[in-house]
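Trainee: Have a look at this one.
Numbering (mature numbering (1 follows the signal peptide of the UniProt record, and there is no 0)), first residue to last: -33 to -1, 1 to 530.
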C-alpha cells in the first residue's frame, strides 16, 4: 500500500486537473455560446435570403472602410453580404469601378507561390480578383479581395461575366434614379425580316455565368425574345458558315503552299536567268565604256571585239530568260492564282467570323463610359469596343464626381428601364490616407450603408450632351445589366483587350495594381523544387504542380535528405 502522503499528492493533482477542466469549460462557455450565436444568426440570415430567392445579381459593392461586400439584385435590394480582406499596404486594393472578367472554380496564383484561389472572379487582368481565402478581420492580401470560402462559392453561382464590381472607401449603397438622359431601350432597327423568322425563345446562358449574355426576365418587352433568339440564330448560322469557310481556307492555304513548293525551282530558274541578263548587260556597258576611252587602233579593235561578244552574251541571256519564262509561266501563274485564292478565302472567313461575333455581341448588355478628362464617350459590349465619340460637357472645368448607373430591369410592359446609381469619391483633403476600417485589427463590423445622393448624380447627367446618333445606337443595344459610368477620370490603362471599363480614382492608394509582380515564366525552376530557395513557377495545371511535388519528394528520400 502506498504511503499516505503519496496518496494525498495524487489526490491533490487529480483535484487540480478536475478544477482546471471545470474552470476552462466555464471560461470557454460564453465564447462558444457567442460563436454559436453568431453562426446561427448568420445561417438564419442566409436561410432567409435563400427563402426569399436570390434573383439575378446586378452589382457588387466592396467597402474598404468596414471590409465587407454586398451583392444587389435586379430590384436594387441587397441579397448577400459578408466580410472581406482587401489589400494590405503597400498592395492596397484601389477604389474604383471594375467588372468580372473571368471565373474559375479552382484557380492557383502564378504570382504568389501557387496559392489557392477558390471561386476566383477576376476583375483585372493584372491579377486582382475576388476569391475565397483567409479573413483575419483586416486588410491582409496582395491586392485581391478575399471572401469566406462558403460565401465565395455562393456568390460564384450568382454572378455573370461583365457584372459590375465597385470598390469604395465607404459602405456606399445604390439609390433608384430616373432621368431623361438615361438610355431607353428601343426596338432593333436592323433587318426585321431576318429577326422575325427566329423562334421566340431566349438564348440560355452558359454554366456558371461564364458569358455576358442577357438571360431574359419576366418584364421583357414582347419582341425582345424574338430579337435575342434571332441574333443567336444569326450567330449560329455564321459560325456554321465560318466552319465551312475555314475548311475551304485551309484547303486553299495548303494548295498555295504545295504549288509554291513546286514552283520554287521555276522561280529559281527565272531568278538565275534574270541575274545572267543583268550580268551580260553590265558587261556590255563596261565594254562600251572601254571603247569610248580607246584612242589607239589596236585598243579600239580589242574594245569593239569585246563589245560584240558582250552583245552576243546579252542576246543569249535574254533569249534564255524568254524561254524560261515561257516554260515556267504556267506553274508560276497557277501558284500566284492559288495564293490569291487563299487570301480571298481568308478575307471571306474573317468577314463571316466578324458577322458572327457582331451578332453574339448584341446578346449582351452594353457598357458606356463618359470621361470628363477626355471629353469622350466610349461604348463596349461583351468586353469589346464598339465605338467612341466626342461629347460636350457643360462647365467642363468643374468636377462631376464618379457615378455608376446600372439598368436593373424593364418596367413591366414597357421599354423603359429601371436604373439605380452608386457614387464613389476619393479621399478629401482632411481625410486620412486610409478609411478607418482599413487599419489592422479592425474587425469586420457591419456599419450602416451610405445612400447615394441621386440629386448629385442627376446633376452630372444634366451636364452631358451626347450626340443623337450615338444615343440612338446605344438605345438599340441597351438591356438590363447595362451600365453608364460618368467620371472625372480618364480611361484607365487596365481597360484593354477582353475587358470592361476600369476606372480608378486618382489620389487613392493603387499599390494593389501598380506593385503587382509579373507572372512567373512558364518553366519549372529546379532551384525551387530542390528546396534551395528561389521562386519557380507553378501555373494552374494540376499535372505540373503534382510533378513538382513528386520530384521534390523523390529527391528528399534517402539517408541524407536536404534540410
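All residues carry an ideal CB built from backbone N, CA and C; glycine is no exception.
Owing to the predicted nature of the structure, the values given are computational and were not obtained by experimental measurement.
(1) Please state the DSSP three-state secondary structure of residue 242.
(2) Could you have a look at residue 469 and say whether DSSP puts it in helix, strand or coil?
(3) Compute the distance between the beta-carbons of residue 191 and residue 332, then report whether it is under 9 Å.
(4) What would DSSP say about residue 46, mapped onto helix, strand or coil?
(5) Flag this pair as yes or no: are the beta carbons of residue 419 and residue 142 separated by less than 9 Å?
(6) Could you check which residue in 274, 465, 451 has the C-alpha nearest to that of residue 64?
(7) Return the CA-CA distance between residue 135 and residue 180, expressed in angstroms with no decimal places.
(8) Round the Cβ separation of residue 344 and residue 417 to the nearest angstrom and send it over; I've been treating them as touching at under 8 Å.
(9) Select from 325, 108, 311, 99 the residue whose C-alpha is nearest the C-alpha of residue 118.
(10) Shortest alpha-carbon distance to residue 123 belongs to which of 219, 358, 52, 73?
(11) In this structure, does DSSP put residue 456 in helix, strand or coil?
(12) Using 10 angstroms around the beta-carbon of residue 265, count the other beta-carbons present and answer buried if the total reaches 16, otherwise exposed.
(13) Is the segment 81 to 96 in contact with the segment 33 to 49, if contact means three or more CB pairs nearer than 8 Å?
(14) For residue 133, would you say it is in contact with chain C, using Cβ-to-Cβ distances shorter than 9 Å as the test?
(15) Can you give me the C-alpha to C-alpha distance between residue 53 and residue 102, rounded to a whole angstrom?
(16) Taking buried to mean at least 16 other C-beta atoms within 10 Å of its own C-beta, is residue 365 buried or exposed?
(17) Using a Cβ distance threshold of 8 Å, determine whether the segment 353 to 367 contacts the segment 232 to 252, with at least three qualifying pairs required.
(18) Measure the C-alpha to C-alpha separation of residue 248 and residue 272 and round it to an integer number of angstroms.
(19) In the DSSP assignment, find the alpha helix (DSSP H) that holds residue 295 and state where it starts and stops.
(20) In terms of residues, what are the limits of the beta strand (DSSP E) holding residue 222?
(21) Given a cut-off of 9 Å on the beta-carbon distance, is the pair residue 385 and residue 392 in contact?
(22) Going by DSSP in three states, residue 139 sits in which element: helix, strand or coil?
(23) Using 9 Å as the threshold, is the C-beta distance between residue 148 and residue 428 below it?
(24) Leaving out five residues on either side along the sequence, give the residues of the same chain with a beta carbon under 7 Å from the beta carbon of residue 460.
(25) Is DSSP giving residue 25 helix, strand or coil here?
(26) What's the C-alpha gap between residue 132 and residue 305?
(27) Beta strand (DSSP E) containing residue 334: first to last residue?
(28) Helix, strand or coil for residue 250 per DSSP?
(29) Taking the alpha carbon of residue 71 as the point to measure from, which residue in 222, 126, 199 has its own alpha carbon closest?
(30) Checking 9 Å against the spacing of the C-beta atoms, do residue 67 and residue 114 come in under that value?
(31) Under the three-state reduction of DSSP, which class applies to residue 441: helix, strand or coil?
(32) Pull up the DSSP beta-bridge partners for residue 543, would you.
(33) Classify residue 225: buried if its beta carbon has 16 or more other beta carbons within 10 angstroms, exposed otherwise.
(34) Between 330, 41, 200, 308, which lies nearest to residue 178 when the distance is taken from Cα to Cα?
(35) Pull up the DSSP beta-bridge partners for residue 370, would you.
(36) Looking at the structure shown, is residue 357 part of a helix, part of a strand, or coil, going by DSSP?
Mentor: So, to answer that:
(1) For this step, residue 242 is matched to residue 275 along the chain shown. In the three-state scheme derived from DSSP, where H, G and I count as helix and E and B as strand, residue 242 is classed as helix.
(2) Position 502 of the chain shown, counted from the first residue, corresponds to residue 469. Assignment of residue 469 by DSSP, reduced to helix, strand and coil, places it in the coil class.
(3) Translated into positions along the chain shown, residue 191 becomes position 224. Translated into positions along the chain shown, residue 332 becomes position 365. Result no, Cβ atoms of residue 191 and residue 332 do not sit closer than 9 Å.
(4) Counting from 1 along the chain shown, the entry for residue 46 is found at position 79. Note: residue 46 maps to strand in three-state DSSP.
(5) Residue numbering aside, residue 419 sits at position 452 when the chain shown is read from its first letter. Residue numbering aside, residue 142 sits at position 175 when the chain shown is read from its first letter. Cβ distance < 9 Å, so residue 419 and residue 142 count as in contact.
(6) On the chain shown, position 97 is the one that residue 64 refers to. Of 274, 465, 451, the residue nearest in Cα terms is 451.
(7) In the chain shown, residue 135 corresponds to position 168, counting from 1. In the chain shown, residue 180 corresponds to position 213, counting from 1. Each residue's CA atom was taken as its position, placing residue 135 and residue 180 some 27 Å apart.
(8) In the chain shown, counting from the first residue as 1, residue 344 sits at position 377. In the chain shown, counting from the first residue as 1, residue 417 sits at position 450. Going by Cβ atoms, the distance from residue 344 to residue 417 rounds to 28 Å, so no, they are not a contact pair.
(9) To locate residue 118, count along the chain shown from 1; it is residue 151. Answer by Cα proximity: 99.
(10) By 1-based counting over the chain shown, the position of residue 123 is 156. Taking only the C-alpha atoms, the option nearest residue 123 is 73.
(11) Reading the chain shown from its first residue, position 489 is the one you call residue 456. Of the three classes helix, strand and coil, the one that applies to residue 456 here is coil, per DSSP.
(12) Numbered from 1 along the chain shown, position 298 holds the residue referred to as residue 265. So residue 265 ends up on the exposed side.
(13) With the cut-off at 8 Å, the segment 81 to 96 and the segment 33 to 49 do not touch.
(14) Included in the structure is just one protein chain, with no chain C present.
(15) On the chain shown, position 86 is the one that residue 53 refers to. On the chain shown, position 135 is the one that residue 102 refers to. One C-alpha to the other measures close to 9 Å.
(16) What you label residue 365 is simply residue 398 of the chain shown in a count that begins at 1. Residue 365 is exposed by the Cβ-count criterion.
(17) The segment 353 to 367 is not in contact with the segment 232 to 252.
(18) Reading the chain shown from its first residue, position 281 is the one you call residue 248. Reading the chain shown from its first residue, position 305 is the one you call residue 272. Counting only the Cα atoms, residue 272 lies some 16 Å from residue 248.
(19) As a first step, residue 295 is located in the chain shown; it is residue number 328 there, counting from the start. Looking at the DSSP string, the run of the alpha helix (DSSP H) that includes residue 295 is 264 to 328.
(20) As a position in the chain shown, residue 222 is number 255, starting the count at 1. Premise fails: residue 222 lies in the alpha helix (DSSP H), 189 to 229, not in any beta strand (DSSP E).
(21) Numbered from its first residue, the chain shown carries residue 385 at position 418. Numbered from its first residue, the chain shown carries residue 392 at position 425. In terms of Cβ geometry, residue 385 and residue 392 do not form a close pair [threshold 9 Å].
(22) On the chain shown, position 172 is the one that residue 139 refers to. When secondary structure is reduced to three states using DSSP, residue 139 falls in the strand class.
(23) Walking along the chain shown from the start, residue 148 turns up at place 181. Walking along the chain shown from the start, residue 428 turns up at place 461. For residue 148 and residue 428, yes; Cβs fall inside 9 Å.
(24) For the purposes of this step, residue 460 is taken as the residue at position 493 of the chain shown. Cβ neighbours of residue 460 beyond the five flanking positions: none.
(25) Counting from one through the chain shown, the residue named residue 25 turns up at place 58. Here residue 25 sits in strand by DSSP.
(26) Looking up residue 132 in the chain shown gives position 165. Looking up residue 305 in the chain shown gives position 338. One C-alpha to the other measures close to 51 Å.
(27) On the chain shown, position 367 is the one that residue 334 refers to. Judged by DSSP secondary structure, residue 334 falls within the beta strand (DSSP E) whose first and last residues are 333 to 338.
(28) Here the question's residue 250 lines up with position 283 in the chain shown. Helix.
(29) Reading the chain shown from its first residue, position 104 is the one you call residue 71. Selected option, being the one with the closest Cα: 126.
(30) Translated into positions along the chain shown, residue 67 becomes position 100. Translated into positions along the chain shown, residue 114 becomes position 147. In this structure, residue 114 does not lie closer than 9 Å to residue 67 by Cβ.
(31) Residue 441 sits at position 474 when you count from the first residue of the chain shown. The answer is helix: DSSP assigns residue 441 an H, G or I state.
(32) Nothing can be reported for residue 543: it is not among the residues displayed for the chain, which extend from -33 to 530.
(33) For this step, residue 225 is matched to residue 258 along the chain shown. With a threshold of 16 other beta carbon atoms within 10 Å, residue 225 falls short and is exposed.
(34) As a working note, residue 178 is residue 211 in the chain shown. Of the candidates 330, 41, 200, 308, the one whose C-alpha sits nearest the C-alpha of residue 178 is 330.
(35) Looking up residue 370 in the chain shown gives position 403. Per DSSP, 390, 453.
(36) In the chain shown, counting from the first residue as 1, residue 357 sits at position 390. DSSP, reduced to helix, strand and coil, places residue 357 within a strand of the structure shown.
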